[in-house]
Every structure is written in C-alpha cells, then in structure tokens.
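In our numbering, the protein residues as written are 1 to 298. Beta carbons: idealized from backbone N, C-alpha and C, even for Gly. A quick write-up on the structure given underneath.
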Ligand code: CP
Ligand code: NVA
C-alpha cells in the first residue's frame with residue numbers, strides 16, 4: 001500500500017490511519033522486520049538551512065534501502081545563483097525519484113511540490129517539520145505509549161506546530177505553554193480539533209507540565225530568527241525546561257535537537273535520564289525510511 005498523498009509537506013497530508021501505518025512500518029524497519037527497498041532510486045535534498053539529523057538520517061536511510069541521496073546546498077546549485085525555484089523543481093523532477101527540501105518559506109515547499117513531477121518531502125520550513133513529528137510519535141509509542149499527555153513548553157514554532165497536529169491524529173493529549181507573543185498559529189489548534197483534540201494554549205509552563213508524561217521543548221531562536229535574539233530571550237524568561245520546572249513531575253523530556261543548553265533547556269536536564277532525545281534522533285531515520293517506502297515504493 002502506498003500513501004494517498006503525492007507529497008508530504010505537513011503531518012496531516014496523511015490520514016490518521018496512514019500515520020499509524022507509517023509508525024508501524026518505522027518500528028518494523030527499526031526491528032529489522034521489513035525488507036522494503038528503493039533500489040536505484042535517488043533522493044535530491046535541497047538545504048537552505050544547516051542540518052545534522054535531517055541530512056544524515058535521510059542520506060543513511062536511502063543508502064540502507066539500496067538507493068542514493070544527493071546533497072544540494074543552495075550555493076552548490078543554480079538555485080543559490082538566481083535560478084527560480086520552480087525551474088529547479090521541474091529539472092530535478094526529470095532526474096531524481098523524490099525531492100526533500102529544508103527551506104525557509106513554507107510556500108516554497110508548496111512551489112517545489114507543484115512543479116516537481118515527483119514526490120516532495122518537507123525537511124523543515126519556518127512553519128512545519130513533519131518528519132520530526134513522525135520520529136516523535138514513534139518515540140512516544142516506544143516509551144510512554146499513546147495514552148500519554150505531552151506538554152509543549154517554549155516557542156510556538158515549526159516543530160511544535162507539526163507535533164500538535166500529529167499528536168492529535170495519534171490520540172495523544174496535548175498541553176501547550178508559550179509566551180503570549182510567540183504562540184502557535186491558531187489554525188494549528190483548528191487542525192488538531194479536526195482530529196478530536198481540544199487544545200487550550202496557556203502562558204503558564206507550570207500548569208502545562210503538571211500532569212505531563214512528557215515535556216517537549218525546542219530552541220527559542222529558530223534558524224533565520226537570529227535578529228530576534230534579544231527580544232526572544234527576554235520574552236522566554238520562565239519557559240526554560242529545568243530541574244525546577246520538572247521538580248514535581250516524573251516527566252520525560254523530548255527535544256528535536258539541536259539543543260541550546262542554558263536557553264530553552266539546561267545542561268542538567270540534557271544529561272539526565274529523563275531525556276528521550278537520542279531515541280528521537282535515531283528514530284528520524286527509521287521513520288523517514290518508512291515514509292520514503294510508502295511514498296515511492298511498492
Ligand atoms: N531535528 C532536526 O531537524 O535536526 P537538524 O537541524 O540537525 O536536521
Ligand atoms: N525550530 C528549529 C528546529 C531545528 C530542527 C529551527 O527551525 O531552527
């Protein structure tokens with residue numbers, strides 16, 4: 001079976017049943033119980049922003065499936081020298097079997113999908129990071145299970161927005177605490193509500209974590225927001241995931257990484273046995289292999 005969608009630009013491009021199947025398949029791949037392959041297939045990977053996990057997990061995943069992944073940095077290809085994205089998309093679609101894009105503007109991911117005649121996968125935009133959500137849902141299934149309550153504490157950013165929708169699709173209870181000026185787009189809660197989740201965001205991190213099995217955070221200053229650093233550091237005072245915030249809970253801790261220790265999370269928490277972050281990072285590869293097989297494979 002393959003996915004009904006041609007492209008994967010955000011988590012709700014798939015149905016809840018498809019999402020469940022993707023997580024099942026990711027777990028089977030991780031356990032060595034799925035022999036799917038993408039022999040001779042090539043993934044083109046456009047990176048407008050830096051990456052460790054996304055680049056290495058997609059590239060290694062394609063190698064493990066018998067295919068090949070090609071790193072395309074903006075300075076290396078004509079895209080960074082004036083060639084329009086839609087032309088790049090049309091041309092890449094004539095060579096490769098799938099395009100993964102890590103881009104600033106989410107509309108550019110939509111342009112890639114509209115003009116490339118092959119499946120397009122969002123490897124992070126300013127709005128969404130659905131591949132991270134796949135890995136997160138696998139991590140939650142492996143640990144607390146899907147009757148978990150997860151508290152998102154920090155910036156209402158790309159990772160959080162895809163996670164809230166994906167968690168709603170998986171039946172996970174969600175609490176969201178962000179500073180008032182850095183909340184998620186209201187459409188995120190409408191999308192989550194479409195899957196039965198009633199998320200009421202708060203500006204109180206302690207209230208959000210009180211009943212949480214997992215506390216999830218991400219950087220306060222996302223890639224491209226470096227100019228907002230001073231004002232954001234000020235606004236996020238009190239939102240750090242630290243021993244004090246977690247003191248009355250047994251919550252485990254998730255972070256998509258890279259972590260900025262001393263800002264959104266402390267060194268103590270990162271080095272504690274609460275963190276699931278290394279499993280999250282590993283699960284990127286298993287989840288993306290499942291995604292690529294279902295987008296491109298048998
Ligand atoms: N979590 C994540 O996407 O990490 P990278 O920026 O290293 O790819
Ligand atoms: N919110 C972060 C995620 C990095 C994987 C960013 O966009 O920089």
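The beta carbon of residue 218 sits closer than 7 Å to at least one heavy atom of ligand 2. Nearest neighbour of residue 288 by Cα position, chosen from 16, 15 and 63, turns out to be 63. Cβ contact annotation for residue 51 (same chain, cutoff 8 Å, sequence separation greater than five): 102, 123 and 124, in chain order. Around the beta carbon of residue 162, 16 or more other beta carbons sit within 10 angstroms, so the residue counts as buried. If the five residues before and after residue 121 are omitted, its C-beta is found closer than 6 Å to the C-beta atoms of 8 and 100, all from its own chain and listed in chain order. The C-beta distance from residue 296 to residue 41 rounds to 6 Å, short enough to meet the 8 Å contact threshold.
Under the DSSP assignment, residue 157 falls outside any beta strand (DSSP E); it carries neither an H nor an E label.
Residue 122 carries a strand assignment under DSSP once its states are collapsed to helix, strand and coil. Residue burial is scored here from C-beta neighbours: residue 83 has fewer than 16 other C-beta atoms within 10 angstroms and is therefore classed as exposed.
Taking C-beta atoms under 8 Å as the contact rule, residue 213 and residue 251 qualify, at a distance of about 6 Å.
In the structure shown, the three-state DSSP call for residue 193 is helix.
Annotated three-state conformation of residue 288 is helix, per DSSP.
By the neighbour-count definition (other C-beta atoms within 10 Å, threshold 16), residue 216 is a buried residue. The continuous beta strand (DSSP E) containing residue 42 extends over residues 42–47. At least one heavy atom of ligand 1 falls within 7 Å of the beta-carbon of residue 51.
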